[in-house]
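The structure under discussion appears below in the form of structure tokens.
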Amino acid sequence: MKSVLLPTDFSENSWNAIVYALEFLKDEPCVFYLLHVNTLNYGVLNNPDYRDSDNVIEEVYTKPSKTKLLHLLKRISKISNNKAHRFYSLVDYGLFIDSIRNQIVDKQIDLIVMGTKGASGLKKIIIGSNAGDVVVKVKCTTLIVPENTKYERIQEIAFPTDFSSFNNFKTLQPLLELIEDHRAKLSFLYVNSKKKELNVEQQKNKDLLKDFFSGLPYDFFFLTNRRLEDAVQCFTQSRAVSMIAMVAKNLNYFQQILFHTKVEHITYHTDIPFLVLHETN
């Protein structure tokens, strides 16, 4: 049974991510953990009128959050009666990333599903946001769902790659399982500013990818473009791409696609979910 973490700030874009997750995983037995993390106001805790900080946390932070999570569970029950899905609510306080990391260990999380607020939300990733911090700093498979995304059957998954080496091909296991479960096609996308041939290492890694996904529908596409994000934009617009998958290891390459400074011009940021794969130890 898959363990899925659903961080929520009770916004509509986080609700949209929850709805997407329920549809995306409708055929898979799952335990969903709805997590709300409170950032403590230390001014309140240091107020001399509050002598018992535990009671302050309970009254000011925990109880209201538990009430909101209860309402969220009721909202979920109105749209889903999937007997293969179980739901638990979690309230935490402190640093968001620390809380996410702790839950991954404690609940043995397989997948994080988070929402982002379209282009404006992704723009904030550049200077730091919850979603941006998670995909960069947390070593767990993460699905980022833009606010405009509505679930449709996964037909084609674009995989931008520079054919750099992987320390561990288990990183790609969630992607392989996704393709099998949804009977989707995988499209490797290699973008180069010039029509250069792959070097020996790149060709070797390409062959390894072919071996790893052997027996599954995949294809390789080679595009010439000076701007990586423009090439991805053209590719997703010209095809029925339902999702973009990437390995977070190569941060520079990764950031060109996900954290571009002019994301308001990149429509895939607002329409297509990103599956971020992390190498594990």
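Once you know that position 62 of the sequence shown is 61 in numbering that gives the first Met the number 0, the rest is easy, because the numbers rise by one and skip nothing. Built from N, CA and C at the ideal position, the CB exists for glycine as well.
Assigned secondary structure, residue i (DSSP; H/G/I helix, E/B strand, else coil)
{"i": "LYS62", "result": "helix"}
{"i": "CYS233", "result": "helix"}
{"i": "TYR19", "result": "helix"}
{"i": "SER13", "result": "helix"}
{"i": "LYS67", "result": "helix"}
{"i": "THR80", "result": "Checking the displayed sequence, the identity of residue 80 turns out to be Asn instead of Thr. Coil, per DSSP."}
{"i": "LEU72", "result": "helix"}
{"i": "LEU24", "result": "coil"}
{"i": "ASN334", "result": "Because the chain is modelled from 0 through 280, residue 334 falls outside the range shown and cannot be assessed."}
{"i": "LYS149", "result": "coil"}
{"i": "ASN129", "result": "helix"}
{"i": "GLN107", "result": "coil"}
{"i": "ASN101", "result": "helix"}
{"i": "LYS248", "result": "coil"}
{"i": "LEU177", "result": "helix"}
{"i": "VAL281", "result": "The structure shown has nothing for residue 281, since the chain only spans 0 to 280."}
{"i": "TYR204", "result": "The sequence shown places Asn at residue 204, not Tyr. Three-state DSSP puts ASN204 in a helix."}
{"i": "GLU278", "result": "coil"}
{"i": "GLU196", "result": "coil"}
Cα-Cα separation between residue i and residue j, rounded to whole angstroms
{"i": "ASP105", "j": "ASN37", "result": "18 Å"}
{"i": "PHE31", "j": "SER2", "result": "6 Å"}
{"i": "VAL246", "j": "LEU68", "result": "32 Å"}
{"i": "LEU175", "j": "ASP26", "result": "16 Å"}
{"i": "PRO28", "j": "LYS149", "result": "21 Å"}
{"i": "PRO6", "j": "ARG100", "result": "12 Å"}
{"i": "TRP14", "j": "LEU34", "result": "12 Å"}
{"i": "LEU222", "j": "ASN191", "result": "6 Å"}
{"i": "LYS169", "j": "MET0", "result": "19 Å"}
{"i": "GLU146", "j": "VAL18", "result": "11 Å"}
{"i": "MET113", "j": "SER10", "result": "11 Å"}
{"i": "LYS205", "j": "PRO216", "result": "15 Å"}
{"i": "PHE23", "j": "LEU227", "result": "28 Å"}
{"i": "ILE96", "j": "ASP229", "result": "31 Å"}
{"i": "SER186", "j": "ARG152", "result": "16 Å"}
{"i": "LYS123", "j": "VAL144", "result": "Reliability fails at LYS123, whose pLDDT of 44 lies under 50, so the model's placement of it is uncertain and the value that follows must be treated cautiously. Rounded to whole angstroms, LYS123 to VAL144 spans 15 Å at the Cα level."}
{"i": "ASP91", "j": "SER98", "result": "7 Å"}
{"i": "ASN224", "j": "ILE111", "result": "32 Å"}
{"i": "ILE277", "j": "SER76", "result": "The sequence given here has His at residue 277, not Ile. So the alpha carbons of these two residues sit roughly 32 Å apart."}
{"i": "SER79", "j": "LEU21", "result": "8 Å"}
{"i": "VAL158", "j": "LYS73", "result": "For clarity, residue 158 is Phe in the given sequence; the question names Val instead. Rounded to whole angstroms, PHE158 to LYS73 spans 37 Å at the Cα level."}
{"i": "PHE273", "j": "ALA16", "result": "12 Å"}
{"i": "GLN107", "j": "THR140", "result": "12 Å"}
{"i": "PRO63", "j": "ASP270", "result": "33 Å"}
{"i": "ALA130", "j": "ASP218", "result": "30 Å"}
{"i": "LEU171", "j": "THR66", "result": "38 Å"}
{"i": "SER237", "j": "ASN81", "result": "35 Å"}
{"i": "LYS194", "j": "ASP109", "result": "39 Å"}
{"i": "SER88", "j": "PRO173", "result": "25 Å"}
{"i": "HIS70", "j": "ALA83", "result": "21 Å"}
{"i": "ASP8", "j": "GLU196", "result": "47 Å"}
Opposing strand residues paired with residue i [DSSP bridges]
{"i": "VAL112", "result": "LEU142"}
{"i": "ARG85", "result": "VAL30"}
{"i": "THR223", "result": "ASN191"}
{"i": "LYS184", "result": "GLU155"}
{"i": "ILE243", "result": "ALA157, PHE273"}
{"i": "SER2", "result": "VAL30"}
{"i": "ASP218", "result": "SER186"}
{"i": "ASP210", "result": "Answer is none; ASP210 lacks a bridge partner."}
{"i": "ASP91", "result": "VAL36"}
The segment 180-194 / the segment 127-138 touching (three or more Cβ pairs under 8 Å): These segments do not touch.
Inter-stretch contact at 8 Å, needing at least 3 Cβ pairs: the segment 196-210 / the segment 234-245: These segments do not touch.
If you pair each beta-carbon of the segment 155-170 with each one of the segment 197-204, do three or more pairs fall below 8 Å? yes
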